[in-house]
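Residue numbers (this note's numbering): 23 to 226.
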């Protein structure tokens with residue numbers, strides 16, 4: 023943690039640009055904070071290797087591209103109230119607000135950092151639902167195939183699972199999978215058509 027604080031302090035003094043995405047920039051501080059937040063939420067120790075920095079930078083690049091698309095398409099994001107509600111649930115999971123704040127401070131983070139991160143996660147889900155879900159079609163045959171492939175083999179003797187009982191769950195699963203695939207394809211295209219420059223010195 024002390025290593026992260028030192029890295030963050032060093033980055034904050036210079037806060038050099040790590041990546042340019044079109045006319046947008048991602049700073050080294052943003053990448054370090056992303057690593058720390060992801061590790062915090064996963065209950066892991068943050069790793070600030072060149073590889074983990076690059077992975078965090080990739081996530082930040084995708085966020086910039088999505089935010090630009092949201093602005094262009096006038097997509098509404100999640101609200102601060104929704105993020106605050108999720109933050110409250112997170113606090114309860116660790117024993118209250120004071121405990122959460124202590125843990126965040128120990129990780130070199132603030133409550134605001136976490137709230138902004140949660141706000142983005144909610145916004146991303148909302149964007150995927152609005153941008154890709156409407157065009158997704160799941161047929162009865164798709165549902166049957168999933169049921170046959172994924173549900174039937176896992177049934178326990180004497181405890182049959184009828185298709186009718188899990189149809190809605192399968193529909194949701196397939197829709198979510200296809201929406202994620204559509205997002206991945208869209209991001210691939212967006213990256214290919216946007217000038218993205220990773221500054222080598224920021225990932226050493």
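We put the CB at the ideal spot given by N, CA and C, even for glycine.
Item, Value
"Length of the line joining the Cα atoms of residue 126 and residue 118", "12 Å"
"8 Å Cβ cutoff met for residue 102 and residue 140", "no"
"Sub-8 Å separation of residue 106 and residue 82 beta-carbons", "no"
"C-alpha distance - residue 74 paired with residue 209, whole-angstrom precision", "20 Å"
"Beta-carbon spacing of residue 192, residue 165 below 8 Å", "yes"
"Inter-residue spacing [alpha-carbon to alpha-carbon] between residue 67 and residue 59", "10 Å"
"Contact set for residue 188: own chain, Cβ-Cβ below 8 Å, skip 5 residues either direction", "169, 173"
"N-terminal and C-terminal residue of the beta strand (DSSP E) that residue 49 is part of", "46-49"
"Beta strand (DSSP E) segments (min. 3 residues) lying fully within the region 76-140", "none"
"Residue 43 burial status per 10 Å Cβ neighbour count (16 or more: buried)", "buried"
"Residue 146 versus residue 99 - alpha carbon distance", "8 Å"
"Cβ-based burial, residue 226 [other Cβ within 10 Å; buried from 16]", "exposed"
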